[in-house]
Amino acid sequence: MNYWQALQRDVRDRAGTPIVTWISGQNRIELSGTSFNNAICKAGNFLVDELEAAQSSLVRIELGSHWQSAVWNSAAIAAGLNLTDAAEPPYVFVTGGVPSANSDMSTIVRISSHPLGVPDSQVADGEVNGSLAVRSQPDQFFAVEQAPYTFSSTQIDGDSSFLTFADLQEQSREIVSELAALPGQRVALIGQGSHLERCLWHSVIPVEGALSIVLLDQDQSLEIDESIIRQERIDHVVVL
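With this note's numbering, the residue at position 29 of the sequence shown is 20, and numbering never jumps.
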């Protein structure tokens, strides 16, 4: 089963259940299975249809611990794109700040850091206002449903090792097993983590393990405490 199929199964089983929760100061954003899937479809259609990203295209996503990271990483994996944090310029660079690596010849997609995803009023010349562009995209992932990809999605890590989606699935299952996390449980994530950790925890693990993740905004230096654990009904805390 590829990521898109696993996601659709998860949406059927957990349509109204939170899959991603993001906490930043007084702001709290919750994405149910349905809303998470809709956001992924919009981002995925934009990457494939508007930017013409293909399976051979490198995509770099730097959105830290924002809930948008879960959406965009998941959209790229669902579309079978190649996620990277390698030194070479990617085809598409999705970021909420200043690109941390060479972005020459890349299409820079600017994502708003606003809690609700409200688009920035303007972006730098040559950049694409991604938060604005996705709003007009459909809630159905036509790129996948009409012309299915082969889903040989590859994760390219910084040491130039290559991981297929099957590898990500295997790692996800091992992590869930070691954590002794059960389907439906809620896992709080502390820290932004590495590129690979974000791909796993923000996208693959919640779907593979039927878990709900709680992201704490690291830009706000938010730390876990007993009140958050109690209010959010946290079952596990993971430091990335």
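Each residue gets a CB set at the ideal place from its N, CA and C atoms; glycine is no exception.
query: Anyone know if the C-beta pair for residue 196 and residue 231 falls short of 8 Å?
result: Position 205 of the sequence shown, counted from the first residue, corresponds to residue 196. Position 240 of the sequence shown, counted from the first residue, corresponds to residue 231. For residue 196 and residue 231, no; Cβs fall outside 8 Å.
Close Cβ partners of residue 86 (< 6 Å) along its chain, the five nearest in sequence each way excluded: Counting from 1 along the sequence shown, the entry for residue 86 is found at position 95. The residues are 53.
field: For residue 8, three-class secondary structure by DSSP
entry: If you number the sequence shown from 1, residue 8 lands on position 17. Coil at residue 8, not helix or strand.
message: If contacts are defined as beta-carbon pairs under 8 Å, then residue 225 and residue 205 qualify, I think. What distance do you get, rounded to the angstrom?
response: Against the sequence shown, residue 225 aligns to sequence position 234. Against the sequence shown, residue 205 aligns to sequence position 214. Correct: roughly 6 Å between the Cβ atoms.
- prompt: Going along the chain, which residues of its own chain have a beta-carbon closer than 7 Å to the beta-carbon of residue 184, five neighbours each way excluded?
  reply: Here residue 184 is taken as the residue at index 193 of the sequence shown, counted from 1. Once the five neighbours on either side are set aside, the close Cβ partners of residue 184 are 192 and 231.
query: Along the chain, where does the beta strand (DSSP E) that runs through residue 203 open and close?
result: Against the sequence shown, residue 203 aligns to sequence position 212. Element bounds for residue 203: 203 to 207.
query: So what's residue 224 in DSSP terms, helix, strand or just coil?
result: Indexing the sequence shown from 1 puts residue 224 at position 233. It is coil, neither helix nor strand.
query: Which residue's Cα is closest to the Cα of residue 10: 75, 173, 39 and 26?
result: Locating residue 10 in the sequence shown gives position 19, where the first residue counts as 1. Ranking the options by Cα distance to residue 10, first place goes to 26.
- request: Take residue 154 as the anchor and find which of 41, 20, 74 and 36 has the nearest alpha-carbon.
  value: The sequence position of residue 154 within the sequence shown is 163, counting from 1. If we check each option's Cα against that of residue 154, 74 comes out closest.
query: What are the boundary residues of the alpha helix (DSSP H) that includes residue 214?
result: Numbered from 1 along the sequence shown, position 223 holds the residue referred to as residue 214. Per DSSP, residue 214 belongs to no alpha helix (DSSP H) and is neither H nor E.
message: Looking only at its chain, what residues have a beta carbon closer than 8 Å to the beta carbon of residue 101, apart from the 5 residues adjacent to it on each side?
response: By 1-based counting over the sequence shown, the position of residue 101 is 110. Excluding residues within five positions, the ones whose Cβ falls inside 8 Å are 86, 87, 111, 114, 115, 118, 119, 120, 121 and 122.
message: If you measure between the beta carbons of residue 172 and residue 207, is that distance less than 8 Å?
response: Against the sequence shown, residue 172 aligns to sequence position 181. Against the sequence shown, residue 207 aligns to sequence position 216. Contact: no.
field: Residue burial classification, residue -7 (beta-carbon count within 10 angstroms, cutoff 16)
entry: Residue -7 sits at position 2 when you count from the first residue of the sequence shown. Counting Cβ neighbours within 10 Å, residue -7 comes out buried, since at least 16 surround it.
message: Would residue 70 and residue 30 qualify as a contact pair, given that the criterion is a beta-carbon distance under 8 Å?
response: For the purposes of this step, residue 70 is identified with residue 79 of the sequence shown, where counting begins at 1. For the purposes of this step, residue 30 is identified with residue 39 of the sequence shown, where counting begins at 1. No. Outside cutoff.
task: Note down, in chain order, each residue of its chain lying with its Cβ closer than 7 Å to the Cβ of residue 228, except the 5 sequence neighbours on either side.
output: Mapped onto the sequence shown, residue 228 falls at position 237. Correct list, in chain order: 179, 181 and 215.
task: Over the uninterrupted alpha helix (DSSP H) stretch that includes residue 167, give me the two end residues.
output: Locating residue 167 in the sequence shown gives position 176, where the first residue counts as 1. Start and end: 156 to 170.
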